[in-house]
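When you number the sequence shown by the working numbering, it's gap-free, plus one each residue, and the end is 141. Glycine included, each C-beta is placed from N, C-alpha and C at the ideal position. Treat the numbers as computed from the prediction; the structure is a model and nothing was measured. Heads up, the thing below is written out as structure tokens.
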Amino acid sequence: MTVMERVAYLKGLYEGLDIDTDKKEGKLLAGMLSAMEDLAEAVTDLKQQNEELLDELDDVYEEISAITEDFLTADDDDDEDAEMNLDLEQELYQVVCPTCGEVIYLDEDMLETGSIACGACGEELEFDLSRLDDSDET
């Protein structure tokens, strides 16, 4: 039996007793029944709101789980791709920007272009590989 049903039952008993509401006791009982009806409605509304919030919370939890799963799966794929790419990558060269001291990693293709802008300060770094070619021949 719900709270509303119990209050309705008590109200029926009260009305069946035909209590005089002009007397103090009748006024007291009528006021108590009215307060009980208000409380029962409030409790019923709170229960309904709580159920709706729990449903919404379940939906949010499912969405977060799906996003987390997608995120973790994407990270695993990225890690595998990075490992595969490391095996295929060319040798990297380390260059320090003379202006800001930023360490820059370059591959052979980047060196062959002859210059590159520093990612930190924008300074144009130029590379002269002609001296390296001469030393390889000797």
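Discussion item. Tell me the rounded alpha-carbon separation between Pro101 and Thr76.
Written reply: Rounded to the nearest whole angstrom, the CA to CA distance from Pro101 to Thr76 is 41 Å.
Worksheet item: At what residues does the beta strand (DSSP E) containing Glu115 begin and finish?
Response: No beta strand (DSSP E) holds Glu115; the alpha helix (DSSP H) holding it covers 111-115.
Worksheet item: Near Asp61, what residues of its chain come up, given a Cβ to Cβ distance below 6 Å and the 5 sequence neighbours on each side ignored?
Response: Nothing meets the Cβ criterion.
Worksheet item: Can you tell which of Leu16, Asp23, Gly104, Asp112 has the C-alpha that lies nearest to the C-alpha of Ala123?
Response: Shortest Cα-Cα distance from Ala123 to any of Leu16, Asp23, Gly104, Asp112 involves Gly104.
Discussion item. Buried or exposed for Val99, going by 16 or more other Cβ atoms inside 10 Å?
Written reply: Exposed is the call here.
Worksheet item: For Ala120, which residues of its own chain have a beta-carbon under 6 Å away from its beta-carbon, when the five flanking residues on both sides are left out?
Response: In chain order, Glu127 place their CB closer than 6 Å to the CB of Ala120, counting only its own chain and leaving out the 5 sequence neighbours on each side.
Item to complete: Check each candidate in Ile22, Lys14, Glu54 and name the one with the smallest Cα separation from Leu36.
Response: Nearest of Ile22, Lys14, Glu54 to Leu36, Cα basis: Lys14.
Worksheet item: Should Val10 go down as buried or exposed, given a rule of 16 or more other Cβ atoms within 10 Å for buried?
Response: Flag for Val10 reads buried.
Practice prompt. Using the Cα positions of Val6 and Glu54, report the straight-line distance between them to the nearest angstrom.
Written response: Their backbone Cα atoms lie some 16 Å apart in a straight line.
Worksheet item: In chain order, what residues of the same chain lie with their CB nearer than 7 Å to the CB of Glu129, ignoring the 5 residues before and after it?
Response: Taking Glu129 as the centre and dropping the five residues before and after it, the same chain places the C-beta of Gly117, Ser118 closer than 7 Å to its C-beta, in chain order.
Worksheet entry | Bridge partners - Gln51, DSSP secondary structure assignment | Bridge partners of Gln51: none, in fact.
Worksheet item: Tell me which same chain residues have a C-beta within less than 7 Å of the C-beta of Gln97, skipping the five on either side of it?
Response: Hits under 7 Å: Val106, Tyr108.
Discussion item. Which residue marks the beginning of the beta strand (DSSP E) containing Leu128, and which one marks its end?
Written reply: Here the beta strand (DSSP E) through Leu128 covers 127-129.
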